[in-house]
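Take a look at the structure set out below.
Numbering (this note's numbering), first residue to last: 282 to 597.
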């Protein structure tokens with residue numbers, strides 16, 4: 282209750298200096314994305330630690346569903362050896378099915394849970410397999426699965442240094458060390474824009490962080506980021522599951538993308554997008570450390586569905 286009282290007492294329109302800045306030196310990329318989406322929402326969620334009450338139900342939550350899907354796809358490539366081809370598609374489907382059955386077996390036998398399992402088997406797994414058959418034709422390998430990066434140092438303008446942590450679903454690498462960051466999605470995700478200013482934030486930051494990650498003798502070096510990929514597993518957008526949302530068109534050609542006019546960038550443009558994303562990460566950290574938690578939503582349309590709108594009291 283104390284956290285809720287604090288949230289109600291703080292007016293998002295007051296000066297940021299009225300809030301005691303958190304003494305943090307370690308941040309996750311996902312929480313920086315939350316701050317950029319809305320500083321006040323970040324304040325409620327990450328500083329006060331207030332979360333909406335969960336409904337008491339035996340049905341699997343969207344978050345738990347997403348975790349299971351990620352685990353199944355990780356385990357698939359941990360067990361599967363070699364390319365996914367049309368000749369081996371049935372065996373690959375068999376493996377995905379067995380992994381999914383194992384992942385969902387401890388869930389209650391409710392209509393929604395059965396539906397979620399069938400959604401994976403009939404839609405997500407099939408879209409994934411179709412994407413992988415095409416992916417393996419282009420000289421890349423899914424070399425890193427759920428790579429944790431926990432030693433990335435981010436210097437700030439005042440010479441403060443903070444640490445940024447991340448977990449990357451997958452990194453595809455070719456024999457030259459060119460790589461693509463992959464993020465599996467069971468729901469919506471930000472789409473690319475023409476020009477340099479992008480709503481896509483996490484993937485380019487992951488790309489910069491990955492280039493500093495240490496590799497072992499049996500793992501390929503990550504020399505140059507050339508693509509950022511979402512997997513549209515549920516088919517939220519038109520097109521194939523593998524959606525290369527931003528890529529270096531000087532290196533990569535004819536990539537599957539839902540936005541063929543916005544996704545290809547020149548080498549210089551792609552590098553600039555990565556640089557701007559790191560600038561946004563710095564700005565987010567600086568805002569958090571200074572106690573700047575004003576209500577400043579990136580997309581005001583989302584305020585209608587915000588769980589904190591009662592405490593925010595932001596004027597429409």
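Every residue gets a Cβ at the ideal spot worked out from N, C-alpha and C, and that includes glycine.
{"Item": "Coarse secondary structure for residue 584, derived from DSSP in three states", "Value": "helix"}
{"Item": "Length of the line joining the Cα atoms of residue 340 and residue 468", "Value": "18 Å"}
{"Item": "Run of the beta strand (DSSP E) containing residue 422, from where it starts to where it stops", "Value": "422-436"}
{"Item": "Residue environment, residue 491, which counts as buried when at least 16 other CB atoms sit within 10 Å", "Value": "buried"}
{"Item": "Reference residue 551; option with closest CA among 567, 519, 484 and 431", "Value": "484"}
{"Item": "Inter-residue Cα distance where the pair is residue 578 and residue 569", "Value": "15 Å"}
{"Item": "Beta-carbon separation (whole angstroms), residue 447 vs residue 310, contact threshold 8 Å", "Value": "5 Å"}
{"Item": "Per-residue DSSP class, three states only, for residue 528", "Value": "strand"}
{"Item": "Presumed contact (8 Å Cβ cut-off) between residue 526 and residue 537, rounded CB distance", "Value": "So it is not a contact: roughly 10 Å between Cβ atoms."}
{"Item": "DSSP state of residue 589 mapped onto helix, strand, coil", "Value": "coil"}
{"Item": "Status (buried if at least 16 other CB within 10 Å, exposed otherwise) for residue 519", "Value": "exposed"}
{"Item": "Residue 332 versus residue 315: straight-line alpha-carbon distance, rounded", "Value": "14 Å"}
{"Item": "Residue 320, buried or exposed, once every other Cβ within 10 Å from all chains shown has been counted against 16", "Value": "buried"}
{"Item": "Spatial neighbours of residue 522 in its chain, beta-carbon cut-off 7 Å, leaving aside the 5 residues before and after", "Value": "408, 409, 411, 412, 512, 513 and 514"}
{"Item": "Opening and closing residue of the alpha helix (DSSP H) in which residue 416 lies", "Value": "406-416"}
{"Item": "Residues bridged to residue 368 (per DSSP)", "Value": "According to DSSP, residue 368 bridges with nothing at all."}
{"Item": "For residue 547 and residue 530, believed in contact at Cβ under 8 Å, the rounded distance", "Value": "7 Å"}
{"Item": "Three-state secondary structure (DSSP) of residue 500", "Value": "coil"}
{"Item": "Exposed unless 16 or more other CB atoms sit within 10 angstroms - verdict on residue 392", "Value": "exposed"}
{"Item": "Backbone CA spacing between residue 368 and residue 374 [nearest angstrom]", "Value": "12 Å"}
{"Item": "Nearest residue (CA-CA) to residue 590, options 323, 312 and 313", "Value": "323"}
{"Item": "Close beta carbons around residue 478, own chain, < 8 Å, minus the five adjacent residues each side", "Value": "557"}
{"Item": "Three-state class that DSSP yields for residue 387 in the structure shown", "Value": "coil"}
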